[in-house]
Amino acid sequence: YYGLIYPHLCYGLVLWGASANNQLMRVFKLQKQAIRSIAHLNFRESCKEAFKNLQLLTLPGLYIFETTLFCMSKCAMTSGRDIHSYETRGRGNYRTGKHRTVVYEHLPSQAGVHFINKLPNWIKNAITPKAFKTRLKRFLVSQAFYNVNEFMAFDWEAAQSGD
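Going by the UniProt record's numbering, the first residue of the sequence shown is number 1, and it counts up by one from there.
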């Protein structure tokens, strides 16, 4: 998998991962087909548990992972703490720039900020970049998200309470 499939999925994923959803889903279906072959699953069986058992990221999970790491290392981000000293609810969240077009929202720098803001504090507050990367990957593997919207709609409170 890591020799034949993974390099093709990762190449330029930060840039093309925000392309039209149907384009991403075409590649994701091929990834699921490969996982079914590796895990010896029937073509009608779900791959979600196979992704978890094999400790592999789904393509949307890989996009979230790569974009978040790109943004953490390369983007100049401004948080509420940098702007003011008020104790507001979103003080720890990073700010996104003002824009008029949807294309701007899909830039890696903007998508990464949205992903980082969605993460819980136990991942965001990792002391080292390696710890952040490990926690994020472990979480994304455990959930095996099938699309980015599923990640954005994830209920963190329910997950922490054990539901």
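Yeah, the Cβ is synthetic: ideal placement off N, Cα and C, and Gly gets one too.
Item: Got a sec? Which residues, its chain only, sit under 7 Å from H40 by beta carbon, not counting five neighbours each side?; Value: none
Item: What's the call for Y1, buried or exposed, on a 16-neighbour Cβ count within 10 Å?; Value: exposed
Item: Counting Cβ pairs closer than 8 Å, one from the stretch 16-25 and one from the stretch 44-64, do we hit at least three?; Value: yes
Item: Is G61 helix, strand or coil when you go by DSSP?; Value: helix
Item: Have a look at I38, F151, K74 and S46 and flag the residue whose alpha-carbon is nearest the alpha-carbon of N117.; Value: F151
Item: Determine the DSSP secondary structure at G162, reduced to helix, strand or coil.; Value: Any reading at G162 must be qualified, since the residue scores a pLDDT of 49, below 50, and its modelled position is unreliable; no value is offered.
Item: Could you check if T134 is buried or exposed, using at least 16 other CB atoms within 10 Å of its CB as the buried criterion?; Value: exposed
Item: Checking 8 Å against the spacing of the C-beta atoms, do L54 and I38 come in under that value?; Value: yes
Item: Got a sec? Which residues, its chain only, sit under 6 Å from R100 by beta carbon, not counting five neighbours each side?; Value: none
Item: In three-state terms, what does DSSP make of A50?; Value: helix
Item: Using CA atoms only, rank isn't needed, just tell me which of L15, Q110, S46 and T58 is closest to Y6.; Value: T58
Item: Classify I127: buried if its beta carbon has 16 or more other beta carbons within 10 angstroms, exposed otherwise.; Value: exposed
Item: Looking at the structure shown, is V148 part of a helix, part of a strand, or coil, going by DSSP?; Value: helix
Item: Secondary structure at T101, three-state DSSP: helix, strand or coil?; Value: coil
Item: Please look up how many angstroms separate the CB atoms of L15 and P108, rounded, as I've assumed it's under 8 Å.; Value: 7 Å
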